[in-house]
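One line per chain: the protein sequences are A and B, in this order.
Offset between the first sequence (1-based) and the numbering used here: plus 52.
Offset between the second sequence (1-based) and the numbering used here: plus 13.
Ideal Cβ placement from N, Cα and C applies to all residues, glycine included.
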Amino acid sequence: MIGEVLETARAHAPLLLVTTPLLAAAFVLLAPISRLNWAIGVAAMAWSAWLVLDATARLLLAGASAGAGASPLALEGIGHAGAAVLACAGLAVMVAAGANLRDFGSRERPLALALGLCVCSGWQGAMVAQDLLGVFLACETAWLASVGLAALGGERGALNGAMRMISAGAASAAMFLLGAALLMRGTGVVRMSELPLAQIEAPISSAVGVALIIVSLAAKAGLAPFHAWLPAVAGRTSAFAALTLACVGVVGALAVMARFAAYAIPAPALGESVTNVLTALGVAGVAIGSLQAIGAANVRRLAVYAGAAQGGCVLLALGLGSPAGFAASLLQLGALAAAGIAVLGGVAASGCKLNLDGLDGLGRRAPVSGAAMLVGALSLMGAPLTLGFLGRWRAIEAAVGVDLWWSAGAIIAASLAAAIYAGRLIERLYFRRSATPTPIQHDPWRISIFPVLICGALVLALGVEPSMLLRVAQAASHQIAGDAP
Amino acid sequence: MNAELGLLAILVLPVAQAALVLACARPPGLRDAAYILSACAIAGVAFFVFNETAHGAQARVVLARPLPNVDLAFALEPLGAMVALLIGGLGLLHAIHSAGFVRATHEKSPARLMAFMALTSACALAVAFSANLFTMFVAMQALTLAAFPLVEHRGDEAAGAAGRLFLAVLLASSIGLFLPAMVWTYAIAGVLDFRPGGVLGGLADPVSANLLLVMFVFGIAAAAVPPMHRWLMASREAPSPALTSMYALTVLPAGCIGVFKVAAFVFGASGLADARLATQALIVLAGASMCVAALVALSKQDVHERLAYTCLAQALAAVLGALLTIPAGLFASALQITALMCSAATLLMASGTIAAVTGRTQAGAYAGLGRVMPWTLAGFALASASMVGMPPFAGAWAKLWLIASSSSVGLVWAAVLVGLAAILTFAHLGPMAANALSGRAPPDAFIRPDGASFLLVAPVALGAVATLSLLVFASALSEFLKPVWTPMP
């Protein structure tokens, strides 16, 4: 019986990835007990994570083909790996929500949880949607839920951030639709999997369409220079919203970009435009994100600017246009999500002030959160034996492999900048004493520290023994390359 | 215990020492006993490892495989065993001296200081035994992070600024130069393993080989090849035992070992021949900087500052030897590393003892101290003689081989630079030692009523004896190190 249910679930995994969090969101809005709500949210994301990890293990590691057929939803190559990262990040955010939802009033908590689940559902949907309009709908669902989550709480700063998100989102949506229309007109295809084989009749308009879609997604990922909404939201909104937006929203948008690029790059007459746009955005992301992270005085802003710089590295790896580059970008996505949860989750779990001086001596006052943040910062820096190092190494190796030395140089420059801002974090955590010691708020539910710790441990464990991860990333990227003509 | 277990033990014991010292932070007697006894254990294991290597034992410990075809691995080989013996032996003297120093000066957070010194020893040993470039990179990064708290130990604004500069130079060079050089090497050779004779020979075109050599030498900033030497001056802010650890036992020697390993095991003679231009330029830079450092030391009155420049000059001599591309040059470099570690440890411990019991930190204030602290100043004088290169001390054999090997490859000017640096070293250490021994005894020399304790004096005297070691062991060391420059069949 259970076996049959599981088999049915496996057969419909893409659909369940979208619907499970949505159904859970509906339940959460109806259930009156906040702990029950939390348990529903965690269960939904745990189920999603199991589904996608199981599918990844079966399809990628067993080498089975993942043909989408005519289904509007399917898991394939990059989508598999991206959805796995998103589902795991979503699960971690939901577990941490047990403590982080305390920022909201009792009436707002179910709504916040439901919106968080909608964000997860939306980005997971964008990873399985087969046509561009499906991707658009999924992205907009996630984005609007994100706006609602950012605005929740009603404080002026948070509302200001949400307003910026609405403005950026509207522009982004318009660009996506226009880009999709131009691409459809130029290629005559709607499904992304048909792009590599498409007969392109209007290459220029198609290239413009592709560029618009990528820029639209870059705005949603908060990549410089389209990231005006990100610091306003990160600095002022609740801990739950910040964690959801930085670790699910940003990573989701980057994963969708990777997936779209994987289909568009092999397409004749489009590949060069895609790599050019990705590379230009990547360089801008690395340069602006790094500089802003170095100058940031608020720990959450520092984390999101660092995320923007790391996102730039992801795009640089994608811009290489090779399977090795795609594999590297997937590794970097995983590293970004894990480091984000470790740093932002650690800040939330310790309840310290958001100014950087609030971190002074935190390593002693809150050793567990401090240790997780240390590991996250080391991974951002690209220190050896962390997941961040693995991603950087593979990206540099991939860049050297296609003789794009300057791209490797840009990734190394990002690491150098990361050494400065992550070094500042570590120095404050362990080598400074707080001038005005503030009491640490202990988590109401100790379980909330688990995702932060687990992410920290994963960053180290996968940095030391990454063979499984490398196989997944390689299989995901080769599957796309194999589908290409 | 077999060789593999010995190798693992020598890497793990200093970490255990750090944990033990932190666990036994109070009372001070227990802390010092734990620190010294564990240093004894490390010295014992180091001797065992050296003995096993001398008897031809081979061992390789693989901890992880973080990248395809690249292990986090350590291998038993003669250079590593030699360095382990030096770190183990001198580390024991340093542990005794540190215990005496923190008691005499009431240094703050002594357990933390000792723990991080132990961790830096662990990282330096990891550099010495690293089996490939990746492991060396990881060990270098860990060494930087472990040494940073030593620089920042005092906790004031100056120490904070020094710590940031220390971290910035070492991490930036490591990430910005060493890492890309390593990736590039991997792209060319497909491996990162250390092999006698090198892995790059004949594979890299001249442009790549030249660029790679420059990136490696500057990327290993711990070797302090200018302009990467700024960390050395910044670290003056550290307490005296930490300075001894960084200059004489861990960071600076690890940098020299790093360059040695890159020259011998990554490039080899044929790889360095491909990188002829960079090799020559780096030899000019190292030789000239050696003289300039010795000259600058002459202008410094602060003893720690002066000794920092002295150590820099000696480290550059080791780098110069490694770049000479011939076995005699590599042997000269190994001798120079030995001489640096023995002499610098003795000099720095002696200056620490003097500062702890007399409060004197200026070179001019040393006059006559030999009358009241004969053992300490005798040790200081002997170590100075070794630094200068006077026979029969360790530095003499190293300088002799450096001059001979430079001349044998036609680089007579390099030999002249080595000789000039020795004269300049004499100019800044000789008169100071002579004044200290022959001047009139100062009244009220001690700030401590009981003078220098046995814990502060004995290590200096024994360190001075160690500078005589090469008189006896130079020939045996040549045989011992032969596999380092003998290419594998």
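Beta-carbon spacing of residue i, residue j below 8 Å
i	j	result
Glu250(B)	Ala139(B)	no
Lys272(A)	Ala305(A)	yes
Ala369(B)	Leu469(B)	yes
Val356(A)	Pro436(A)	no
Val241(A)	Ala254(A)	no
Ile188(B)	Ala313(A)	no
Ala294(A)	Tyr473(A)	no
Ala133(A)	Leu382(A)	yes
Thr108(A)	Val524(A)	yes
Leu180(B)	Thr157(B)	yes
Phe344(B)	Lys274(B)	no
Ala98(A)	Leu165(A)	no
Val230(B)	Thr338(B)	no
Ala394(A)	Phe292(A)	no
Val180(A)	Pro84(A)	no
Pro162(B)	Phe483(A)	yes
Leu297(A)	Ala418(A)	no
Leu330(A)	Leu367(A)	yes
Rounded Cβ spacing between residue i and residue j (contact assumed at less than 8 Å)
i	j	result
Pro472(B)	Leu382(B)	At roughly 18 Å, the Cβ-Cβ gap does not stay under 8 Å, so Pro472(B) and Leu382(B) are not in contact.
Ala97(B)	Ile23(B)	6 Å
Val75(B)	Ala86(B)	4 Å
Pro260(A)	Val326(A)	Checking the sequence shown, residue 260(A) turns out to be Val, not Pro. The pair is not a contact, with the Cβ atoms about 12 Å apart (cut-off 8 Å).
Leu439(A)	Ala401(A)	Not a contact, Cβ separation roughly 20 Å.
Gly363(A)	Leu388(A)	7 Å
Chain B contact for residue i (CB, 8 Å cutoff)
i	result
Trp175(A)	no
Trp458(A)	no
Ile346(A)	no
Gly434(A)	yes
Ala471(A)	yes
Ser431(A)	no
Pro518(A)	yes
Cβ-based burial, residue i [other Cβ within 10 Å; buried from 16]
i	result
Lys495(B)	exposed
His68(B)	exposed
Gly65(B)	In the sequence under discussion, the amino acid at residue 65(B) is Glu, which differs from the Gly named in the question. Glu65(B) comes out buried.
Gly341(A)	buried
Pro496(A)	Legend: pLDDT at Pro496(A) = 46, less than 50; position of this residue unreliable, value from coordinates given subsequently. Per the 10 Å Cβ criterion, exposed.
Trp445(A)	buried
Gln30(B)	buried
Lys121(B)	exposed
Arg237(A)	exposed
Asn15(B)	exposed
Leu82(A)	exposed
Neighbourhood of residue i by C-beta, 6 Å cutoff - its chain only, sequence neighbours within 5 removed
i	result
Val83(B)	Phe147, Leu205
Phe228(A)	Phe188, Ile265, Ser268
Thr428(B)	Here residue 428(B) turns out to be Ala, not Thr, going by the sequence shown. The answer, listed in chain order, is Ile416, Ser419, Ser420.
Ser117(A)	Residue placement at Ser117(A) is poorly supported in this model, since its pLDDT is 49, which falls under 50; the coordinates still yield a value, given next. Excluding positions up to five away in sequence, the list is empty.
Gly214(B)	Gly281, Ser283, Gly284
Pro239(B)	Ser302
Ala310(B)	Arg319, Tyr322, Thr323, His441
Contact set for residue i: own chain, Cβ-Cβ below 7 Å, skip 5 residues either direction
i	result
Ser482(B)	Cys355, Ala407
Arg485(A)	Asp412, Gly413
Thr499(B)	Pro209
Leu230(A)	Leu264
Lys313(B)	Arg319, Tyr322
Ala175(B)	Val164, Ala247, Ser248, Glu250
is_contact[residue i, chain A] using C-beta, thresh 8 Å
i	result
Arg78(B)	yes
Tyr199(B)	yes
Leu192(B)	yes
Val75(B)	no
Leu180(B)	yes
Leu184(B)	yes
Cβ shell of residue i (< 8 Å), same chain only, five flanking positions each side left out
i	result
Gly173(B)	Glu165
Val279(B)	Leu146, Thr198, Phe207, Gly211, Val212, Leu213, Phe229
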